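Everything on this sheet refers to the single structure shown next.
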Amino acid sequence: MALLACGWSVTGCVTSSSDAAPLDPHAFVEAREKLAELRKAAGAARTESIRLELDAPYLQSEVAARGAIAVRPATGSEPPALRMIMVGPGGTTAMDLWMKAGKFRFEIPAIGKTLTGLPSNRPETRKGLPVDFLKWWMFEPLGGKLLAARRVGADLEVLLDEPGRTTTATIKKDGSISAHRRWVAPGARGRFVPYEEEWLEASGIGCARAVYRQKSTSLTVKVTCLSSKPTVNDAAFEEPSGAGDVERSETGRGGSHEALFAGGERGKTEPNEGEGS
1 MALLACGWSV
11 TGCVTSSSDA
21 APLDPHAFVE
31 AREKLAELRK
41 AAGAARTESI
51 RLELDAPYLQ
61 SEVAARGAIA
71 VRPATGSEPP
81 ALRMIMVGPG
91 GTTAMDLWMK
101 AGKFRFEIPA
111 IGKTLTGLPS
121 NRPETRKGLP
131 VDFLKWWMFE
141 PLGGKLLAAR
151 RVGADLEVLL
161 DEPGRTTTAT
171 IKKDGSISAH
181 RRWVAPGARG
191 RFVPYEEEWL
201 EASGIGCARA
211 VYRQKSTSLT
221 VKVTCLSSKP
231 TVNDAAFEEP
241 SGAGDVERSE
251 TGRGGSHEAL
261 FAGGERGKTE
271 PNEGEGS
């Protein structure tokens with residue numbers, strides 16, 4: 001995508017202004033209205049029945065399970081909250097993820113391991129976990145400040161800015177969405193250094209199918225919404241015992257994804273092995 005030649009480089013312009021795509025004020029207005037519409041649709045409390053597939057290089061094989069995810073956007077004094085419980089064979093809990101006010105607790109009971117995080121953790125300490133993906137997709141799809149937009153045929157391309165990251169996205173005529181998010185960190189001489197990239201492909205906003213990929217870890221998460229209802233059980237968002245008690249350090253102490261799936265327990269990370277897709 002070539003919106004604003006300087007927009008895609010974190011270190012400065014990479015092409016001359018004559019090579020940049022022309023500004024399109026009409027597309028900008030259209031994009032602003034479209035983004036507001038999509039964000040409103042995604043901003044409602046809801047409970048979705050989902051199928052989730054999780055694949056990463058530290059897993060012996062892809063984990064697949066069915067379950068439910070409850071989402072409650074920020075309301076008044078209540079911060080945004082999410083709870084996802086995936087069920088394995090015999091109704092046992094395969095995965096349990098709780099997120100609220102920047103805290104998270106990710107548990108895989110089958111191997112007796114739990115990871116927790118606090119708002120003070122650096123973003124890279126969440127690498128390899130589905131936390132950033134679910135926050136991005138469930139709470140803030142196409143979030144950030146709109147910097148530029150243009151029409152490419154029937155598609156609408158946008159450039160979005162958030163602290164520490166930028167997103168380029170294409171909103172297609174059929175409602176599907178493609179997004180590429182780049183994370184940066186301050187470097188030497190006032191430059192910003194890229195340290196992570198993410199890709200998202202979704203069939204739409206709301207009850208839809210989404211595929212997420214993380215560059216540094218090859219993490220792939222596939223979520224298919226099977227049904228959705230506009231209600232939530234507030235009890236689901238109560239803080240689990242121990243959530244946030246262990247701050248995941250940058251050295252991995254307090255639990256890292258490598259430690260989570262380490263050793264002889266790896267074979268137990270396949271809660272739905274043998275089940276049909």
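Once you know that position 254 of the sequence shown is 254 in the working numbering, the rest is easy, because the numbers rise by one and skip nothing. C-beta atoms are modelled at their ideal positions from N, C-alpha and C, and glycine is treated no differently. Quick caveat: nothing in here was measured; it's all calculated off a predicted structure.
> When the Cα atoms are used, what is the spatial distance from L134 to R189?
Replying inline: Along the sequence shown, one-based indexing puts residue 134 at 134. Along the sequence shown, one-based indexing puts residue 189 at 189. In a straight line, the C-alpha of L134 is about 34 Å away from that of R189.
> Can you round the beta-carbon distance between S216 and E196 to whole angstroms, since I take them to be within the 8 Å contact cut?
Replying inline: The count along the sequence shown starts at 1 and reaches residue 216 at position 216. The count along the sequence shown starts at 1 and reaches residue 196 at position 196. That pair is a contact at about 6 Å.
> Per DSSP, what kind of secondary structure is D174 in: helix, strand or coil?
Replying inline: In the sequence shown, counting from the first residue as 1, residue 174 sits at position 174. Coil.
> For E140, which of helix, strand or coil comes out of DSSP?
Replying inline: Residue numbering aside, residue 140 sits at position 140 when the sequence shown is read from its first letter. Of the three classes helix, strand and coil, the one that applies to E140 here is coil, per DSSP.
> Roughly how many angstroms lie between the CA atoms of R150 and D96, to the nearest whole one?
Replying inline: One-based indexing of the sequence shown puts residue 150 at position 150. One-based indexing of the sequence shown puts residue 96 at position 96. The straight-line gap from Cα to Cα measures roughly 41 Å.
> Between the Cα of R72 and the Cα atoms of R51, W98 and I50, which residue gives the shortest distance?
Replying inline: In the sequence shown, residue 72 corresponds to position 72, counting from 1. Looking at the Cα atoms, W98 is the closest of the given residues.
> For G91, which residues does DSSP report across the bridge?
Replying inline: In the sequence shown, counting from the first residue as 1, residue 91 sits at position 91. G91 is not bridged to any residue.
>> On a Cα-Cα basis, can you pick out the residue from A235, A236, P240 and R213 that is closest to P57?
In response: Residue 57 sits at position 57 when you count from the first residue of the sequence shown. The residue with the shortest Cα to Cα distance from P57 is R213.
> When the Cα of G282 is compared with those of P80, T75, F106 and A110, which residue comes out closest?
Replying inline: The structure shown does not extend to residue 282, since the chain spans only 1 to 277, so no value can be given for it.
> With DSSP run on the structure shown, which of helix, strand or coil describes T125?
Replying inline: Here residue 125 is taken as the residue at index 125 of the sequence shown, counted from 1. Reduced to three states, the DSSP call for T125 is helix.
> Which partner residues does I85 have in the DSSP bridge list?
Replying inline: As a working mapping, residue 85 is identified with position 85 in the sequence shown. Answer is A68 and D96, bridged to I85.
>> Assuming R150 is part of the beta strand (DSSP E), what are its boundary residues?
In response: Here residue 150 refers to the residue found at position 150 of the sequence shown. Here the beta strand (DSSP E) through R150 covers K145 to V152.
>> My output table needs one value for P109: the three-state DSSP class, helix, strand or coil.
In response: The residue given as residue 109 occupies position 109 in the sequence shown. In this structure, P109 counts as helix in the three-state DSSP scheme.
> Just checking, does the region 68-86 make contact with the region 39-46 on the three C-beta pairs under 8 Å criterion?
Replying inline: yes
>> So if DSSP puts S49 in a beta bridge, which residue, or which two residues, is it bridged to?
In response: Indexing the sequence shown from 1 puts residue 49 at position 49. Answer by DSSP bridge pairing, in chain order: A68 and S227.
>> Can you list, in chain order, the residues of its chain with a C-beta nearer than 7 Å to that of E33? Leave out the 5 residues immediately preceding and following it.
In response: For the purposes of this step, residue 33 is identified with residue 33 of the sequence shown, where counting begins at 1. There are no such residues.
> How big is the Cα-Cα spacing for R126 and K145?
Replying inline: Numbered from 1 along the sequence shown, position 126 holds the residue referred to as residue 126. Numbered from 1 along the sequence shown, position 145 holds the residue referred to as residue 145. R126 and K145: Cα-Cα distance of roughly 24 Å.
> Excluding sequence positions up to five away, which residues of its chain have a Cβ less than 6 Å from the Cβ of A210?
Replying inline: Taking the sequence shown and counting its residues from 1, the one referred to as residue 210 is at position 210. Excluding residues within five positions, the ones whose Cβ falls inside 6 Å are W137, A202 and V223.
> Would the beta-carbon of P240 fall within 8 Å of that of W183?
Replying inline: Position 240 of the sequence shown, counted from the first residue, corresponds to residue 240. Position 183 of the sequence shown, counted from the first residue, corresponds to residue 183. Not in contact: P240 and W183 (Cβ atoms no closer than 8 Å).
> When the distance is taken between beta carbons, is D161 closer than 8 Å to L147?
Replying inline: Here residue 147 refers to the residue found at position 147 of the sequence shown. Here residue 161 refers to the residue found at position 161 of the sequence shown. Contact: yes.
>> I'd like to know whether the C-beta atoms of A185 and T167 end up nearer to each other than 8 Å.
In response: Walking along the sequence shown from the start, residue 185 turns up at place 185. Walking along the sequence shown from the start, residue 167 turns up at place 167. No, they are not a contact pair.
> What do you reckon, are the CB atoms on G67 and M84 nearer than 8 Å?
Replying inline: Locating residue 67 in the sequence shown gives position 67, where the first residue counts as 1. Locating residue 84 in the sequence shown gives position 84, where the first residue counts as 1. Contact flag set, yes.
> Just the Cα atoms here: how many angstroms apart are N121 and F104?
Replying inline: If you number the sequence shown from 1, residue 121 lands on position 121. If you number the sequence shown from 1, residue 104 lands on position 104. Approximately 11 Å, taken between the alpha carbons.
> For the putative contact between F106 and L129, defined by C-beta atoms under 8 Å, what is the C-beta separation to the nearest angstrom?
Replying inline: The residue labelled residue 106 in the question sits at position 106 within the sequence shown. The residue labelled residue 129 in the question sits at position 129 within the sequence shown. With a Cβ gap of about 6 Å, F106 and L129 count as contacting.
> For I171 versus L156, is the C-beta distance shorter than 8 Å?
Replying inline: Working through the sequence shown from its first residue, we reach residue 171 at position 171. Working through the sequence shown from its first residue, we reach residue 156 at position 156. Their beta carbons are under 8 Å apart, which means I171 touches L156 by this criterion.
> Among R51, R39, V87 and I69, which has the Cα closest to the Cα of N233?
Replying inline: Within the sequence shown, the letter at position 233 stands for residue 233. Of the listed residues, the one whose Cα sits closest to N233 is I69.
> Does DSSP classify V29 as helix, strand or coil?
Replying inline: One-based indexing of the sequence shown puts residue 29 at position 29. In this structure, V29 counts as helix in the three-state DSSP scheme.
> Helix, strand or coil: which one does DSSP assign to E157?
Replying inline: Residue 157 sits at position 157 when you count from the first residue of the sequence shown. E157: strand per DSSP, three-state reduction.
> Thinking C-alpha only, which one of M86, A235 and G204 is nearest I177?
Replying inline: Walking along the sequence shown from the start, residue 177 turns up at place 177. Ranking the options by Cα distance to I177, first place goes to G204.
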